[in-house]
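Everything below concerns the one structure shown next.
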Amino acid sequence: MVLGISDYFPHPMLFCYLNKFWKPISDMSTKYVDICVFKRRFYLVDNTGRTVTIESDSSVQLVDNPFIPGDRKLLVESEGALLLVNIYENLMTFNVFRLDEKNKKWVKLMSLRNRVLFFVNGCSFSASASDLCVAKGNCVIFIDDAYNICTYFYNYCLDRSQPLSVSEYFEYLSLFSAPEWIGKS
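If you read the sequence shown in my numbering, its first letter stands for residue 24, the second for the next number, and so on.
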């Protein structure tokens with residue numbers, strides 16, 4: 024199965040290989056802005072934070088219906104947990120929430136510990152700072168070519184919760200550089 028959302032269709036579309044056609048999930052009352060596969064289920068979130076799952080029979084199950092202000096919502100799986108990143112675009116600040124699966128609600132996180140969350144041109148993933156060979160985790164890297172390749176880092180330490188430029192953490196810049204062998208002639 025494949026699930027897709029588009030600016031051109033009012034509802035998510037589900038593709039089942041056996042049927043070989045796209046089926047609109049029309050019993051959804053809002054436009055969803057991000058999808059994440061978590062524990063073999065499709066999770067969708069809208070701009071208010073309302074989160075649903077779509078089951079294999081195309082039924083829709085409400086996960087949480089909070090009102091979380093902000094301009095943009097993004098989902099990512101990190102260390103076996105589903106995270107919701109809320110972006111205030113004018114301030115370039117971020118809030119991160121973890122889904123409490125048992126109580127079906129989003130819980131605000133104050134720290135990502137050693138994790139680095141990446142949101143790059145419609146893709147998202149999580150990695151540990153040590154796996155990336157960078158000194159510090161606890162940040163969100165957001166790159167979107169809709170904003171002329173603006174890169175923002177947000178540090179979740181309580182003493183510094185603001186966007187940081189790439190030059191302040193130069194080691195992260197090497198994550199996006201071409202390998203040395205490309206520059207050699």
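Ideal placement from N, C-alpha and C gives every residue a C-beta, glycine not left out.
Secondary structure at residue i, three-state DSSP: helix, strand or coil?
i	result
residue 155	helix
residue 135	coil
residue 194	helix
residue 103	coil
residue 63	coil
residue 82	coil
residue 48	coil
residue 53	coil
Given that a residue counts as buried once 16 or more other Cβ atoms are within 10 Å of its Cβ, and exposed if not, what is residue i?
i	result
residue 162	buried
residue 131	exposed
residue 126	exposed
residue 101	buried
residue 37	buried
For the putative contact between residue i and residue j, defined by C-beta atoms under 8 Å, what is the C-beta separation to the nearest angstrom?
i	j	result
residue 76	residue 95	That belief does not hold up - the Cβ atoms of residue 76 and residue 95 are roughly 21 Å apart, past 8 Å.
residue 148	residue 108	No, residue 148 and residue 108 are not in contact; Cβ-Cβ is about 12 Å, not under 8 Å.
Between the alpha carbons of residue i and residue j, how many angstroms are there, rounded?
i	j	result
residue 91	residue 133	16 Å
residue 139	residue 124	22 Å
residue 71	residue 155	32 Å
residue 48	residue 83	8 Å
residue 129	residue 59	15 Å
residue 116	residue 74	21 Å
residue 45	residue 53	19 Å
residue 88	residue 25	24 Å
Determine, using beta carbons only, whether residue i and residue j come nearer to each other than 8 Å.
i	j	result
residue 151	residue 160	yes
residue 142	residue 97	yes
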